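Going by my numbering, the sequence shown opens with residue 6, and the numbers climb by one from there.
From the three backbone atoms N, C-alpha and C, an ideal C-beta is built for every residue, glycine too.
All values reported here derive from a predicted model rather than from experimental measurement.
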Amino acid sequence: MKSDLELQKAVQEELAFEPAVVATDIGVTAKGGVVTLVGTVASYAEKWAAERAAERVSGMRALAKELVVNLPGSSQRTDAEIAAAALRELEWDVEVSGCNIQVEVELGTLALRGEVEWNYQREAAERDVRKLTGVVCVLNDLTLRPSASPRQVRSKIEAALQRAAMKEARHIVVEASGSKVVLRGEVQSWAERAEAERAAWAAPGVLTVVDEIRVCT
């Protein structure tokens, strides 16, 4: 188990290693295994990258995300400009073009609304818009259409975990009820926990994933 000092240093090093992040503008504190990121970043994409970098560090009990997006003057855009750019990105992405996706923008906060069939489409849509200039926050409110039985969902998730050769796959219990999946068990890192959750979302018909997997540090 890492001490708070070791955890703080590990997160700082991971942020410095991430090329999409200006680590010198981000402060890191650790107390009782809880890591807090503070400071300002120049874009929502950088904020997202910093949070993902911190989550890759093992030994964390929780992550407090207190980074603020402070757009430089050259990155200022009107809500109308952001909405138009988002619609163009979604239209040109073959994974989501033709999907029922609406875009709403208010003061730089971009919301995705509508319905898609697969979670990879939900993730692709968010990936398309979070890199746009002028965006300070992304709210992904896209919903999924159910298309598989609970038994099929459970078997697909368990098979995906085995294919991923996760060390802790045998310690993960998958429970499926309707379109809801609950994951329980223990893993050794937040990365493994995230991989299990990705496998759950990749199963057709999953509308809700409750991740109760514990990270043993």
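> Cα separation between A4 and R82?
Replying inline: In the structure as shown, the chain starts at 6 and stops at 222, and residue 4 therefore has no counterpart that could be examined.
> Does the segment 17 to 30 come within contact of the segment 45 to 56, defined as at least 3 CB pairs closer than 8 Å?
Replying inline: yes
> Does the segment 125 to 137 come close enough to the segment 88 to 104 to have 3 or more Cβ pairs within less than 8 Å?
Replying inline: yes
> First and last residue of the beta strand (DSSP E) that includes A181?
Replying inline: Counting from one through the sequence shown, the residue named residue 181 turns up at place 176. Run containing A181: 177 to 182, per the beta strand (DSSP E) assignment.
> Beta carbon of E122, beta carbon of A116: below 7 Å?
Replying inline: Looking up residue 122 in the sequence shown gives position 117. Looking up residue 116 in the sequence shown gives position 111. The answer is no: Cβ separation not under 7 Å.
> Which whole-angstrom value describes the C-beta separation of D133 and D98, a residue pair presumed to lie in contact below a C-beta threshold of 8 Å?
Replying inline: By one-based count along the sequence shown, residue 133 stands at place 128. By one-based count along the sequence shown, residue 98 stands at place 93. That belief holds up - the Cβ atoms of D133 and D98 are roughly 5 Å apart, short of 8 Å.
>> Checking 7 Å against the spacing of the C-beta atoms, do T41 and T34 come in under that value?
In response: Taking the sequence shown and counting its residues from 1, the one referred to as residue 41 is at position 36. Taking the sequence shown and counting its residues from 1, the one referred to as residue 34 is at position 29. Their beta carbons are under 7 Å apart, which means T41 touches T34 by this criterion.
>> I need the DSSP call for D9, collapsed to helix, strand or coil.
In response: Working through the sequence shown from its first residue, we reach residue 9 at position 4. Here D9 sits in helix by DSSP.
> So is S79 buried or exposed if we call it buried at 16+ other beta carbons inside 10 Å?
Replying inline: Position 74 of the sequence shown, counting from 1, holds the residue named residue 79. Burial call: exposed.
> Which residue from A67, L72, P77, R118 puts its Cα closest to that of L92?
Replying inline: Within the sequence shown, the letter at position 87 stands for residue 92. Per the Cα distances, R118.
> If we call anything under 7 Å between Cβ atoms a contact, is V16 one with V74?
Replying inline: Against the sequence shown, residue 16 aligns to sequence position 11. Against the sequence shown, residue 74 aligns to sequence position 69. Taking 7 Å as the Cβ cut-off, V16 and V74 do not qualify as a contacting pair.
> Is L133 helix, strand or coil when you go by DSSP?
Replying inline: Mapped onto the sequence shown, residue 133 falls at position 128. The sequence shown places Asp at residue 133, rather than the Leu named in the question. In this structure, D133 counts as helix in the three-state DSSP scheme.
> Going by alpha carbons, who is nearest to S184 out of A165, V192, T148?
Replying inline: Locating residue 184 in the sequence shown gives position 179, where the first residue counts as 1. For the residues A165, V192, T148, the minimum Cα distance to S184 belongs to T148.
> Near C221, what residues of its chain come up, given a Cβ to Cβ distance below 8 Å and the 5 sequence neighbours on each side ignored?
Replying inline: Your numbering for residue 221 matches position 216 in the sequence shown. Taken in chain order, the residues that qualify are E191, V192, Q193.
>> Can you check which of these residues, A205, W195, L76, is closest to V178 by C-alpha distance?
In response: Here residue 178 refers to the residue found at position 173 when the sequence shown is read from its first residue. The residue with the shortest Cα to Cα distance from V178 is A205.
>> With H, G and I counted as helix, E and B as strand and the rest as coil, what does DSSP make of E23?
In response: Counted from its first residue, the sequence shown places residue 23 at position 18. It is coil, neither helix nor strand.
> Under the three-state reduction of DSSP, which class applies to V186: helix, strand or coil?
Replying inline: Residue numbering aside, residue 186 sits at position 181 when the sequence shown is read from its first letter. Residue state, collapsed to three classes: strand.
> Excluding the five sequence neighbours on either side, which residues of its own chain have a C-beta within less than 8 Å of the C-beta of E94, listed in chain order?
Replying inline: The residue labelled residue 94 in the question sits at position 89 within the sequence shown. For E94, where only same-chain residues beyond five positions count, the Cβ hits under 8 Å are D133, V134, L137.
> Tell me which same chain residues have a C-beta within less than 8 Å of the C-beta of H176, skipping the five on either side of it?
Replying inline: Your numbering for residue 176 matches position 171 in the sequence shown. Answer for H176: G190, E191, V192, listed in chain order.
>> So for N105, helix, strand or coil by DSSP?
In response: To locate residue 105, count along the sequence shown from 1; it is residue 100. The answer is strand: DSSP assigns N105 an E or B state.
>> Rounded to the nearest angstrom, what separates E84 and R168 at their Cα positions?
In response: Reading the sequence shown from its first residue, position 79 is the one you call residue 84. Reading the sequence shown from its first residue, position 163 is the one you call residue 168. The question names Glu, yet the displayed sequence has Asp at residue 84. For D84 and R168, the distance between alpha carbons rounds to 43 Å.
> If you follow the alpha helix (DSSP H) that R198 is part of, which residue opens it and which one closes it?
Replying inline: The residue you call residue 198 lines up with position 193 of the sequence shown. Run containing R198: 195 to 207, per the alpha helix (DSSP H) assignment.
> Helix, strand or coil: how does DSSP classify E60 here?
Replying inline: Sequence index remark: in the sequence shown, residue 60 carries index 55 (1-based). E60: helix per DSSP, three-state reduction.
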